[in-house]
Structure formats: C-alpha cells, structure tokens
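**Student:** Questions regarding the structure given below will be posed in turn.
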Amino acid sequence: MIVQLEYWQEHPHKGIVMHRFLVLLGIVLFSQIPGQAFAGGGPENVLLVVNAEDETSRMVANWYQRLRRIPDCNVLFLSGIPRTQLASLDQGRDLILKPVLEAINSRKLGGQIDYVVYSTGFPTQVMVADYSKKLVEALKQIEGAPQLDPKIIIGRASLTSFTYFAASVVNDDPGFLGPLANNYYRKPVPMLMEQPFVGEAQQQYSEATQAINAGDGPTAVKLLKPLTEANPLQMAAHYRLAQAWAIQGDADQTSRALTGAVRAGWCYRDYTKKDPLLKKVIDQPLVKGFVDRIADEPFEFLPTIGCHSRFRWGPGGGINSQPDQGASYLMCTMLGTTWDHGNSEKEILAYLVRSAAADSTRPDGTIYFCETADVRTTTRKPNFPAALKRLAELGVRAEVIKAPLPRDADVAGVSLGAASFSWQTSGCTILPGAICENLTSYGGDFIQPWQTKLTELMRFGAAGSSGTVIEPYALQFKFPHPLIHVHYARGCSLAEAYYQSLSGPFQLLIVGDALCQPWARPPIFDVSGIKPGDQVSGAVSLKAVADTKSPKISFVEFFLDGRLLTRQRSDQAFSFDSRNLSDGFHELRVVAMEDSPIQSRAGKIIPVVVNNQKQTVKLTTEKTEIPIRSSIVLQVDSSFGDSVSVMHAGEVVGKLESRKGQIEIEAVRIGRGPADLFATVEDSQGRTVSSRPLSVNITGDLATEPSPLPAASRK
1 MIVQLEYWQE
11 HPHKGIVMHR
21 FLVLLGIVLF
31 SQIPGQAFAG
41 GGPENVLLVV
51 NAEDETSRMV
61 ANWYQRLRRI
71 PDCNVLFLSG
81 IPRTQLASLD
91 QGRDLILKPV
101 LEAINSRKLG
111 GQIDYVVYST
121 GFPTQVMVAD
131 YSKKLVEALK
141 QIEGAPQLDP
151 KIIIGRASLT
161 SFTYFAASVV
171 NDDPGFLGPL
181 ANNYYRKPVP
191 MLMEQPFVGE
201 AQQQYSEATQ
211 AINAGDGPTA
221 VKLLKPLTEA
231 NPLQMAAHYR
241 LAQAWAIQGD
251 ADQTSRALTG
261 AVRAGWCYRD
271 YTKKDPLLKK
281 VIDQPLVKGF
291 VDRIADEPFE
301 FLPTIGCHSR
311 FRWGPGGGIN
321 SQPDQGASYL
331 MCTMLGTTWD
341 HGNSEKEILA
351 YLVRSAAADS
361 TRPDGTIYFC
371 ETADVRTTTR
381 KPNFPAALKR
391 LAELGVRAEV
401 IKAPLPRDAD
411 VAGVSLGAAS
421 FSWQTSGCTI
431 LPGAICENLT
441 SYGGDFIQPW
451 QTKLTELMRF
461 GAAGSSGTVI
471 EPYALQFKFP
481 HPLIHVHYAR
491 GCSLAEAYYQ
501 SLSGPFQLLI
511 VGDALCQPWA
521 RPPIFDVSGI
531 KPGDQVSGAV
541 SLKAVADTKS
551 PKISFVEFFL
561 DGRLLTRQRS
571 DQAFSFDSRN
581 LSDGFHELRV
591 VAMEDSPIQS
601 RAGKIIPVVV
611 NNQKQTVKLT
621 TEKTEIPIRS
631 SIVLQVDSSF
641 GDSVSVMHAG
651 EVVGKLESRK
661 GQIEIEAVRI
671 GRGPADLFAT
681 VEDSQGRTVS
691 SRPLSVNITG
701 DLATEPSPLP
711 AASRK
C-alpha cells in the first residue's frame, strides 16, 4: 500500500512504526571522547567552512569569524567547489562533506564541533536520487512496513540537511530521507516512552515495560538498572525504573529513579502525580516533596534541550550514551546565498552583524503565526495553540493573525504560509535575532524563479530563515513545527531551535546565524589567576568565578588555541605547566555552561604570551588598511629558525625563507574584511611558536546586488 501524502501529517504516532524500520537500515556514529556530553553552542563548537576560490565567501567568513570570535583551527577552506546550485551526490559527498569530517577528525575537534556553518559560495542542493530509490526498495523488503510514495522523498536534499545527516550519508544509509529521520526532533512524549532504544536494549526495555504492567517490579528493576547505568541521560528508562520501584512500594528508590529522570529532562509533574503505577508511593513525603518540585509541562511534546554531536539520540527522542543506541548530528546552516534571487553582500553582512548583537537581548516584539485558508498555513494551524500557550508562559508575546503578513508591527519572529509576498508592504520591522520562516514549495529553490524566496526575509533583517529546495508538498514534517519559536524563546541557538522542530528536514535549506541566541541566559563569571595579555612561564592556574547574579553554572570548559583541553566542575581550578607549550602567543578560552537542559554558554578569551625558552617572533606592517587589489607588506623578525610562515585563519598565506625580512602577500589571499595575521616558526621540538596577532582590514566595495551566474551554471 502506498502511503498517502497526508498520512504522516495526520498520524504522527505512526512514526514509532517507521522508526522501527528505519533503524534496521543502520546508523553510523561519530567517535566519542571520554566523559559525559554537553550541549549549548558557542564559537568553539563551530566549524566555519569557506569556499577558498570565492571572494564573497572569504569576505563573509572573515566577518563572521570576527563577529563570533571563532578560533582559527575551526576554519576550513575548501577548493574545487562546483560553481552550481545543484551538486551531484559525488560532488556533495566527496568535495564537501568528507573533507569537513576529515578536518574535524584530523584537527582533533571531534569532541567539540556541534555546528557546521557554510559561508556563501556553496551549492544549495545535492542530488540524492540514488538514496531515494534505495530507501523505497529497502522498505519493500521489510514485512509490514508502511511504504513511502516516491514523490514524497524526491531525490534532492539541501546542503544543510545533507551535512546534518553526515553520519548516514558517509555510510550510504538512505534513512535520512524518511519522514521521521531526525531523532532530535521534539516529538510527542508517548514516542519516547514507546521506543527509547534499538536492538537488544529495546527488547530488554520492552520486557521491563511488560513486567511493570504485569505488576512484576523486581523483574523490571533487574532489566532496567543496566539500561539506566549505561545511558544515564535516557529519561524514559529512569521513569520506567521509578514505576518499577513504586509498584513494590519502595519510596526511597522511586525518588532516586525520578531524580535520574528529572536530571535527564523529565518535566511532567501533573502526569507523574496521576500515574496509577506510582499510587503506592505518590503521597509519601519523600516522593511527594520531590514530585511537587518537578516542572509542569503538558504531557505532549518532549522538552526543549540543547544538542551536541556526541549525543546519541534514540528513536524516541531521548539521549543515550552507548554508540549503538542512536544517531548523532551536525547542526548546519548557510550564512548566505548570492545565487539568483539571493542576497547581496551588503544584505548578508547587515543581518549577520545585527544577529551577533542580538544575543540575550530578549527582543521586545511579538511572534506572529499567520493563518489563512491557504494549505500553506492550514498545515500548521493545529499546532498554533500549543506554541501560543508555551510562549505566554515564557512571557513572550505571540498571536495568531488571520492575514498573510503581520502589519505595522515589531516582529520578534513569524511563521508564514504564502507563495508570494513583499515584506516591505507589511510596514513591519523585523527585530534583531528573529526567526522568520515561510511554508511554501520553492522558498529555498534558487533555480526556479517561482514564489518568494527565503532571502526576502533575510533582506529585511531576519537572523534565520528557511525554504525547501524542491517541491515538498504541504507536509508538516518537512517544515518547522510552530514550537520552533518556543525552543528559541527558551534560550536555544537558532540552529537548535530549527532542528528540534523538524521531523524530516532533508529538503529544507536553513540560512542564517546558527549561533544567534536572543533569549539565552548565559552564566556571568570572571576568571581568576590570569589576565588578558599576561606573560606566563612555569605553572599556571586559573579558575572561573561565578557572579552572585549568575544563573547556576554546571560545568566549565578550558580551551587552548581553540581546542578543548578539559571539562570539569565549576568549583575546580584548572592548572597546567606552560613549559609543555611552545613559547609565543597562545589563546586561552574559559567557557561556563548554565545548569539547565539547554546549557547556554558564556566564554572569556584570555590571550597570553608564553616565555620559557626566550623564543620570540614578531610581525609588523606600516599599513593596516589594505585595498583588496593590492598587496600587504609585512616585516617578520624571529629570534630563531630558518623560515617564517604567515598564517590567516589557520591557512598559510605566505612564507619567508629566512628568520628576518620583508614578505609581500596579495590581499586577495586574505579576502575583504577584518583579519588577524600571525607569523609562525617551528621550534626544535616541532612545535609552532607564534607571534602576537596583527589585525588588518582588507578594503573593497561591497556588491549591492547578487552576482549573476554564468549561463553554464544555471542547472
């Protein structure tokens, strides 16, 4: 039987069945580093990918790196990127995705990269017809599996979703094209309770559930304890364990199990109080006092939570720890597109600058949900009330309007459903940080001229917008759920808000500032033991000291030159011996994480100079403002070594075969915008000794209109 287009929209609970089939197709997971995984999002968690052969791409990346303070080791330049909007599967996988994953691994960034952000100059679509066919055929081989109409998964994916599902792509797994492929999606809670695991673990969990329903608490406890120990963030297993202890009347163990569930995100007080399986202990003081303090979300959708690439998201949407118990993702956006119907360089820089300034500002505007008779709005209308209720609880104004566009308003966010519109006619102001998105067929397809593109909303200042790259049909799972604005208003990053609200995002192109967090409540802290600009030698110790008005800090991370060194409790000092480092300039970063499921982050950057061996390198210039069509003249002076390299964003842009002298570099190698240059020399132990950064600004006119494409690339 071919599933009708409306099936997945009208029967979201059927996703449980679909998950059972898709997990059989296999999931590839990224490598882990020891320790518990954490969420949130900051510059240290971003890999910024640049088209090295595209001037606009370099310029936008230079500005974004400066705005967001992204470490040099987190910038990747790629060459040979196809100059076309639609890349073949081989091009998308071999020229873009694999080099991205290889860079993360070779640079030892696997424990910290959660976001891949593309600058401009990249294809927006990837041909995945082979995967579409493979998924349809695979489902045919599974007895009783609901079949997919091929036109639902027609063979094009956006580059952002292609990257989000990187683990599936590189393993040749077509499951990412499914309607419920995204386990990070905050789906209905019953789906979590039904299938938190896969394989033998799921069978063990199901047997435990059956034992609970049969009143056999001891058997259920025996089955569930190993699951909770192996997967301490899986709230479904913890809650079932609480039920197993409760039917035995053990209030102490019930309270302990509920504590584990709450730590993993359980926030359903009313449901817990009314759970008949807890009735033996629910009124006992130990349990009642704890349950009364549980947050009280409606038992409808999974709670908002931050994302980390090391999380293993189980089929039901919970977090597992074991590598074989779920999928991991790389959240992805594109900073801008200058293809036909795209944005100009000026427009892209304007919305990136205002988005970076929007963090933690709590915009004083209204979020609008537009309702008309058009299927583009009726598709999402049933979920408007849930979003309105939660936004009101957060103190964020929101309303449903019966019009295609809001009028003469300050817009903090909007969900539209219109084939064509002119935002300028609305008289509205988009406030910095706003997510403004539209459900229509060709909003992210810049090849076809029909319908208004997502770039219209970016042009007027949205922090992020999205659109499908090929005809999607009016299916909710392919577009952001209205709760996207709730996840955002709870403090998540723009990318986290998007991917929590998308069940099947494979066709959706997401454009904008992935890190924008207008409603975040980051920790407030200072660092003791060291100051910016210090010259250090020998042993060094530093510590994060929370402000009295700060949200509670859960953990603190320490980075050296952009790479994660350690993660530890907030009350612990971090010590290291600087003699294990090369002399010269280094950058310490201290990042504190808020103690909540979202774990908003705040960071301090502390530049220091290590001086143990008396080795120095200097980089100077007479002019720091350099036209793009000229050269930068630099003076280098090293106290040792035979040659000096000049670096920009981790890329060698010049080399002098001497320890002292002048070097000339074409400014186009750097690209327009602000940039930090470093002179580096390798010491006798193979370590890189670096100069202090030399800040320059490469000047050049910004294009006011999107550049037209050569005729050959309009494919």
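Going by the working numbering, 240 is the number at position 240 of the sequence shown; the sequence numbering is gapless.
Just so it is clear, CB atoms sit at the ideal spot from N, CA and C, and this is done for glycine as well.
Where do the N-terminal and C-terminal ends of the beta strand (DSSP E) with Asn438 fall, by residue?
**Tutor:** Thr429 to Asn438 is the span of the beta strand (DSSP E), which, as asked, contains Asn438.
**Student:** How long is the line joining the alpha carbons of Leu67 and Pro532, rounded to whole angstroms?
**Tutor:** Those two C-alpha atoms are separated by around 19 Å.
**Student:** In chain order, what are the residue ranges of uninterrupted beta strand (DSSP E) at least 3 long that sit wholly in the stretch 361–438?
**Tutor:** Entirely contained in the stretch 361–438, the beta strand (DSSP E) runs reaching 3 residues are, in chain order, 366–370, 397–401, 410–416 and 429–438.
**Student:** Please report the straight-line C-alpha distance between Glu44 and Ile104, rounded to a whole angstrom.
**Tutor:** Spanning the two alpha carbons is a distance of roughly 12 Å.
**Student:** Report the rounded CA-to-CA distance for Gln85 versus Gly342, giving the unit in angstroms.
**Tutor:** Rounded to whole angstroms, Gln85 to Gly342 spans 12 Å at the Cα level.
**Student:** How far does the beta strand (DSSP E) with Gly603 in it reach, from first residue to last?
**Tutor:** First-last of the beta strand (DSSP E) with Gly603: Arg601 to Val610.
**Student:** Tell me, please, which residues DSSP counts as bridged to Trp63.
**Tutor:** According to DSSP, which records beta bridges pairwise, Trp63 is partnered with nothing at all.
**Student:** Our contact map puts Leu177 next to Leu135 with C-beta atoms below 8 Å; I'd like the distance itself, whole angstroms only.
**Tutor:** Contact holds; Cβ gap of about 5 Å.
**Student:** Answer with buried or exposed for Ser541, where buried requires no fewer than 16 other C-beta atoms within 10 angstroms of its C-beta.
**Tutor:** Classification for Ser541: exposed.
**Student:** Can you tell which of Cys370, Asp445 and Thr378 has its C-alpha closest to the C-alpha of Val411?
**Tutor:** Selected option, being the one with the closest Cα: Cys370.
**Student:** Quick one: Cα of His648 to Cα of Ala675, how far?
**Tutor:** Answer to the nearest angstrom: the Cα atoms are 7 Å apart.
**Student:** If we ignore side chains and look at the alpha-carbon of each, how far apart do Arg240 and Gly42 end up?
**Tutor:** Cα to Cα, the separation comes out at about 35 Å.
**Student:** Considering Cα atoms alone, identify which of Ala463, Arg69, Gln500 and Cys73 is closest to Tyr329.
**Tutor:** Out of Ala463, Arg69, Gln500 and Cys73, Gln500 has the C-alpha closest to the C-alpha of Tyr329.
**Student:** What residues in its chain sit with their C-beta under 7 Å from that of Arg362, if we drop five residues either side in the sequence?
**Tutor:** Within the same chain, Arg362 has close Cβ partners Pro518 and Trp519.
**Student:** What three-state label does DSSP hand Thr620 in the structure shown?
**Tutor:** The answer is strand: DSSP assigns Thr620 an E or B state.
**Student:** Could you check what DSSP says for Lys100 in three-state terms: helix, strand or coil?
**Tutor:** Just to set this straight, residue 100 is Val in the shown sequence, not Lys. Here Val100 sits in helix by DSSP.
**Student:** Under a three-way DSSP split, which group does Val198 fall into?
**Tutor:** Three-state result, Val198: coil.
**Student:** How about Val75: is its Cβ closer than 7 Å to a heavy atom in the ligand SAM?
**Tutor:** As far as ligands go, the structure on display features none, and thus does not contain the ligand SAM.
**Student:** Using the Cα positions of Met127 and Leu159, report the straight-line distance between them to the nearest angstrom.
**Tutor:** Answer to the nearest angstrom: the Cα atoms are 10 Å apart.
**Student:** Exposed or buried, what is Trp733 when buried is set at 16 or more other beta-carbons lying within 10 Å of its beta-carbon?
**Tutor:** There is simply no residue 733 to check, as the chain begins at 1 and stops at 715 in what is shown.
**Student:** Tell me the rounded alpha-carbon separation between Ser465 and Arg459.
**Tutor:** Spanning the two alpha carbons is a distance of roughly 10 Å.
**Student:** Would you kindly check if the distance between the Cβ of Ser344 and the Cβ of Pro123 is under 8 Å?
**Tutor:** No, the pair does not count as a contact, with Cβ atoms beyond the cut-off.
**Student:** Could you give the DSSP three-state label for Lys279: helix, strand or coil?
**Tutor:** Residue state, collapsed to three classes: coil.
**Student:** Below 7 Å CB to CB, which residues in the same chain sit around Gly427 once its five sequence neighbours on both sides are set aside?
**Tutor:** Contacts found: Arg407 and Asp408.
**Student:** Measure the beta-carbon distance from Ile670 to Val681 and round it to whole angstroms, keeping in mind my assumption that it falls under 8 Å.
**Tutor:** About 20 Å; that fails the 8 Å criterion.
**Student:** For Gly265, which option in Asp54, Lys655, Pro303 and Phe558 has the closest C-alpha, if you only look at C-alpha atoms?
**Tutor:** Gly265 has its Cα closest to that of Pro303, out of Asp54, Lys655, Pro303 and Phe558.
**Student:** In whole angstroms, give me the CA-to-CA distance for Gly317 and Ile530.
**Tutor:** C-alpha separation (whole angstroms): 42 Å.
**Student:** What three-state label does DSSP hand Asn213 in the structure shown?
**Tutor:** Three-state result, Asn213: helix.
**Student:** Compute the Euclidean distance between the alpha carbons of Pro693 and Gly491, then round it to the nearest angstrom.
**Tutor:** Their backbone Cα atoms lie some 33 Å apart in a straight line.
**Student:** Indicate whether Leu78 and Ala61 have their beta-carbon atoms separated by less than 8 Å.
**Tutor:** In this structure, Ala61 does not lie closer than 8 Å to Leu78 by Cβ.
**Student:** Determine contact between the stretch 550–568 and the stretch 591–599, defined as no fewer than three beta-carbon pairs at a distance below 8 Å.
**Tutor:** Verdict: yes, contact present.
**Student:** Looking at the secondary structure, which residues open and close the alpha helix (DSSP H) in which His485 lies?
**Tutor:** Here the alpha helix (DSSP H) through His485 covers Ile484 to Ala489.
**Student:** In this structure, how does DSSP classify Tyr473 when only helix, strand and coil are distinguished?
**Tutor:** In this structure, Tyr473 counts as coil in the three-state DSSP scheme.
**Student:** Per DSSP, which residues does Asp526 bridge with? Please list them.
**Tutor:** BP columns for Asp526 point to Val545.
**Student:** Is the beta carbon of Met334 sitting closer than 8 Å to the one on Tyr115?
**Tutor:** No, the Cβ-Cβ distance between Met334 and Tyr115 is not below 8 Å.
**Student:** Among Glu102, Gln210 and Lys151, whose alpha-carbon lies nearest the alpha-carbon of Val170?
**Tutor:** Selected option, being the one with the closest Cα: Glu102.
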